[in-house]
Amino acid sequence: MDMKFTLAPEPDDASREKGRLLFAAPVEFLKGVVAMNGMPPADRLEVCFAGRSNVGKSSLINALTNRKNLARASNTPGRTQEINFFTTTDGPYLVDLPGYGYAEAPVPVVRKWQELLKAYLSGRVNLRRVFVLIDARHGVKAVDEEILKLLDRSAVTFQAVLTKADKISKTEREKVIAQVMAALAKHPASHPELVVTSSEKGEGVEILRTIIATLE
Ligand code: GTP
Ligand code: MG
Numbered sequence: 202m203d204m205k206f207t208l209a210p211e212p213d214d215a216s217r218e219k220g221r222l223l224f225a226a227p228v229e230f231l232k233g234v235v236a237m238n239g240m241p242p243a244d245r246l247e248v249c250f251a252g253r254s255n256v257g258k259s260s261l262i263n264a265l266t267n268r269k270n271l272a273r274a275s276n277t278p279g280r281t282q283e284i285n286f287f288t289t290t291d292g293p294y295l296v297d298l299p300g301y302g303y304a305e306a307p308v309p310v311v312r313k314w315q316e317l318l319k320a321y322l323s324g325r326v327n328l329r330r331v332f333v334l335i336d337a338r339h340g341v342k343a344v345d346e347e348i349l350k351l352l353d354r355s356a357v358t359f360q361a362v363l364t365k366a367d368k369i370s371k372t373e374r375e376k377v378i379a380q381v382m383a384a385l386a387k388h389p390a391s392h393p394e395l396v397v398t399s400s401e402k403g404e405g406v407e408i409l410r411t412i413i414a415t416l417e
């Protein structure tokens, strides 16, 4: 299999409008979940945001929805400790996951998160796409690889999203894009288009809105 990775293209006008409309309509916090049996009914498509602690998952959800505080974002790694469900109007659930790889959390807590994360990523039937966020300053790390392998085994399509692109130079950007694409090429479950984002500056946010709004 020859996987050609590219940057996600700028959307055409019709798709861009779909993305705009989905996120112009109300998005509401539904519930925070700590166990599989607390999940809302799998009655619509779902996308989730996974990634290391502090990578910018909650900030990206806030940027997508134009809300400063819908998903909590903070300087304290490990802040999001539940699986948080948000409803869009007539669109998919948006799911903010607890960050992985947060070394300072107590071991039993980490184990519990990991188990819930695994159960969710491999067991949620309506999960249509997992956005795996990668910090543009760091690229794909060993702890990300573990999640990517799990997603390969679960046969859930994932799409890599670089975050905090405002924090790196143009040269660094080219380097990290190449590193991430090379890492992704080894994963059959990877969607072959990379999205580069900055929640701070708004880069890539329209593209991501469009991707979410046009999933089938
Ligand atoms: P956990 O819930 O702890 O796993 O973290 P998270 O992945 O939800 O990260 P969060 O959105 O809370 O962001 C972590 C920190 O990174 C915050 O201080 C954000 O302000 C900052 N941050 C997030 N996105 C960006 C970005 O695009 N650019 C810059 N410069 N900072 C960002
Ligand atoms: Mg968070």
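For the sequence shown, the positions run 202 to 417 when the working numbering is used. Glycine is no exception: its CB is placed at the ideal position from the N, C-alpha and C atoms.
Within 8 Å, strictly: CB atoms of residue i and residue j
i	j	result
residue 322	residue 361	no
residue 330	residue 359	yes
residue 253	residue 301	yes
residue 368	residue 337	yes
Counterpart residues of residue i in DSSP-defined beta bridges
i	result
residue 253	301
residue 335	363
residue 232	286
residue 357	None; residue 357 has no bridge partner.
residue 391	359
residue 294	247, 288
residue 328	247
Any non-hydrogen atom of the ligand GTP within 7 Å of residue i CB
i	result
residue 267	no
residue 299	yes
residue 257	yes
residue 252	yes
residue 260	yes
residue 370	no
residue 347	no
Assumed close pair residue i, residue j - CB separation to whole angstroms, cut-off 8 Å
i	j	result
residue 415	residue 406	In fact, because the Cβ distance is near 15 Å, the residues do not count as touching under 8 Å.
residue 290	residue 226	4 Å
Residue i CB to nearest heavy atom of the ligand MG below 7 Å
i	result
residue 272	yes
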